[in-house]
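Let me begin by presenting the structure, written as structure tokens, before commenting on it.
Numbering (this note's numbering), first residue to last: -14 to 143.
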């Protein structure tokens, strides 16, 4: 009798744990083979240069079925983006959907231009160029400008 009650309690605990932490648990369980691939290498596989994200990536999760990802930088970060040296601010966590040649529903990167901050909502790879989407507007830059990952200002990368 006691073991049946214990099993129910354990089942409820596991159920509530999965409800409380659904996205990270789901991502990690659906992509166990990404453990040896760095986030920078994963960008290359999907047609992007590694310099879109700074060097200090602590880890990431990717749902292979949907392309949803979460990238952990550990702390917020600022870098100067080439070629025009726009100041970019990265949140400690970036999220979005990764597909071949496209990053959609991007959240966590803002760039300072024309005296205000703009959220980059998507990035497309178009031949030798990258197209950065900011709402309904976009800007195109050569992808070679992002071949090297940048170091965060004011801190050491790992």
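Virtual Cβ for every residue (Gly too), placed ideally from N, Cα, C.
Would you please state the rounded distance, in angstroms, between the beta carbons of residue i and residue j? I believe it to be under 8 Å.
i, j, result
"residue 78", "residue 89", "That pair is no contact at about 17 Å."
Tell me which residue opens and which closes the alpha helix (DSSP H) that residue i is part of.
i, result
"residue 26", "24 to 30"
Compare the beta carbon distance of residue i and residue j with 9 Å and say whether it is the shorter of the two.
i, j, result
"residue 137", "residue 35", "no"
"residue 71", "residue 58", "no"
"residue 120", "residue 103", "yes"
"residue 42", "residue 25", "yes"
"residue 54", "residue 80", "yes"
Considering only residues of the same chain and omitting the five flanking positions on each side of residue i, which have a CB-CB separation below 6 Å?
i, result
"residue 51", "none"
Mind checking residue i: buried by the 16 CB within 10 Å criterion, or exposed?
i, result
"residue 100", "exposed"
"residue -10", "Unreliable placement is indicated for residue -10, whose pLDDT of 38 sits below 50; no coordinate value is reported for it."
"residue 73", "buried"
In chain order, what residues of the same chain have a beta carbon less than 7 Å from the beta carbon of residue i, not counting five sequence neighbours either side?
i, result
"residue 134", "25, 35, 36, 38, 39, 40"
Using C-beta distances below 8 Å, list every residue in its chain close to residue i, excluding the 5 sequence neighbours before and after it, in chain order.
i, result
"residue 132", "34, 35, 36"
"residue 108", "33, 37, 87, 88, 91, 115, 116, 117, 118"
Along the chain, where does the beta strand (DSSP E) containing residue i start, and where does it finish?
i, result
"residue 65", "62 to 66"
"residue 114", "114 to 119"
Closest Cβ-Cβ distance between residue i and chain D: below 9 Å?
i, result
"residue 79", "Among the chains of the structure shown, chain D does not appear; only one protein chain is present."
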